[in-house]
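One structure below.
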Amino acid sequence: MSRVLLSLGANLDDKASNVKKAMEIISGWDDVSSCRTSGLYITKPWGYTDQDDFVNSAMSFESGIAPAALLSRIHALEADFKRRRVIRYGPRTLDIDIICVGSLQMNDAALTIPHPRMAQRAFVLVPLESIEPDFIVPGFDKSVRELCSALPEDELSGVRIMTYEK
Numbered sequence: 000m001s002r003v004l005l006s007l008g009a010n011l012d013d014k015a016s017n018v019k020k021a022m023e024i025i026s027g028w029d030d031v032s033s034c035r036t037s038g039l040y041i042t043k044p045w046g047y048t049d050q051d052d053f054v055n056s057a058m059s060f061e062s063g064i065a066p067a068a069l070l071s072r073i074h075a076l077e078a079d080f081k082r083r084r085v086i087r088y089g090p091r092t093l094d095i096d097i098i099c100v101g102s103l104q105m106n107d108a109a110l111t112i113p114h115p116r117m118a119q120r121a122f123v124l125v126p127l128e129s130i131e132p133d134f135i136v137p138g139f140d141k142s143v144r145e146l147c148s149a150l151p152e153d154e155l156s157g158v159r160i161m162t163y164e165k
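If you use numbering that gives the first Met the number 0, the sequence shown corresponds to residues 0 to 165, in order.
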């Protein structure tokens, strides 16, 4: 069993609902336990910036799922939410990235773990810090908290907690 860290985001359709529903589905998988989920965050787009803001979140859980099988399941879930891959870093109904799988380090044609750009992205680190601040990221040999605190202020300022009106 390994602690798995995921980053989730969406900026099309009912983006908050899509992210929350995806976390509920993953939490319900038979081979997943001890789930933690962050709140929802409004974030500026990264890479391709001519698009709506995103809703991002993070989740972690214990599982023995092999990384390739997890990636396949995630792609199937994204397809269920009608994810289309048209523009790199472009708009999407649901995006789920595998950030870490325990202490595993791998780099093959289909998957790199830990996620190679995670340390540059506040939309990944800020939600993760809220649920796994002390998780040591393999290859970086720093905690999620340390990686988050090393981000430039202009990167951090593009992430804000989503509040709900009653």
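Don't be surprised by glycine CBs; every beta carbon is placed ideally from N, CA and C.
**Item:** At least three beta-carbon pairs within less than 8 Å, the segment 50-63 to the segment 120-131
**Value:** With the rule of 3 Cβ pairs closer than 8 Å, the segment 50-63 counts as touching the segment 120-131.
**Residue nearest to residue 151 in terms of C-alpha spacing, selected from 110, 1, 124, 53** = Residue 124 holds the alpha-carbon nearest to the alpha-carbon of residue 151 among 110, 1, 124, 53.
**Message:** I'd like the list of long-range same chain contacts for residue 164, defined as Cβ closer than 8 Å, with 5 residues on each side in sequence excluded.
**Reply:** Residue placement at residue 164 cannot be trusted, given a pLDDT of 49 that sits under 50; what the coordinates show is reported in the next sentence. Closer than 8 Å at Cβ, skipping near neighbours: no residue.
**Asked** Out of 147, 67, 44, which has the shortest C-alpha to C-alpha gap to residue 133?
**Response** Ranking the options by Cα distance to residue 133, first place goes to 147.
**Message:** As an exercise, report each continuous alpha helix (DSSP H) stretch of at least 4 residues that is fully enclosed by the segment 125-152, in chain order.
**Reply:** Fully enclosed alpha helix (DSSP H) runs of 4 or longer: 143-148.
**Item:** For residue 30 and residue 158, the rounded distance between their alpha carbons
**Value:** Taking the straight line from one Cα to the other gives about 32 Å.
**Item:** Neighbourhood of residue 109 by C-beta, 8 Å cutoff - its chain only, sequence neighbours within 5 removed
**Value:** Excluding five sequence positions before and after residue 109, the CB atoms of its chain that fall closer than 8 Å to its own CB belong to 67, 70, given in chain order.
**Request:** Evaluate contact between the segment 91-105 and the segment 1-10, counting only Cβ atoms and requiring at least three cross-stretch pairs below 8 Å.
**Result:** Verdict: yes, contact present.
**Request:** On a CA-only basis, which of 34, 112, 119, 92 is nearest residue 149? Give me that one, please.
**Result:** For residue 149, the closest of 34, 112, 119, 92 by C-alpha to C-alpha distance is 119.
**Message:** Checking 8 Å against the spacing of the C-beta atoms, do residue 52 and residue 90 come in under that value?
**Reply:** Against a cut-off of 8 Å, the Cβ pair of residue 90 and residue 52 comes out as no contact.
**Asked** Are there 16 or more other CB atoms within 10 angstroms of the CB of residue 156, so buried, or fewer, so exposed?
**Response** By the neighbour-count definition (other C-beta atoms within 10 Å, threshold 16), residue 156 is an exposed residue.
**Asked** Should residue 62 go down as buried or exposed, given a rule of 16 or more other Cβ atoms within 10 Å for buried?
**Response** Buried is the label assigned to residue 62, since at least 16 other Cβ atoms lie within 10 Å of its Cβ.
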